[in-house]
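In the numbering used here, the protein residues as written are 9 to 95.
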């Protein structure tokens, strides 16, 4: 079973690692393997908790806007098709 951690949890984990705690003990405690720690540091290492929350909000807003755009494009195609059939 694959565990999923949100960015805030990963950032807190990386802060604990930076505080010179034992890496293996922290990985065991939080459920990360040793190899995952390097990957997590690369993806979220420079971020802080407020930045991660803002990134998540922006991603959700982007997803909502993409859905609205797709809906608008479908409606536009329906209107074009109706105009073609009318003439």
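Beta carbons: idealized from backbone N, C-alpha and C, even for Gly.
In the three-state DSSP reduction, residue 12 falls in the coil class, being neither helix nor strand. Residue environment: residue 95 is assigned as exposed (fewer than 16 neighbouring CB atoms within 10 Å of its CB, all protein chains considered). If you draw a 10 Å sphere on the C-beta of residue 87, you find fewer than 16 other C-beta atoms in it, and that means exposed.
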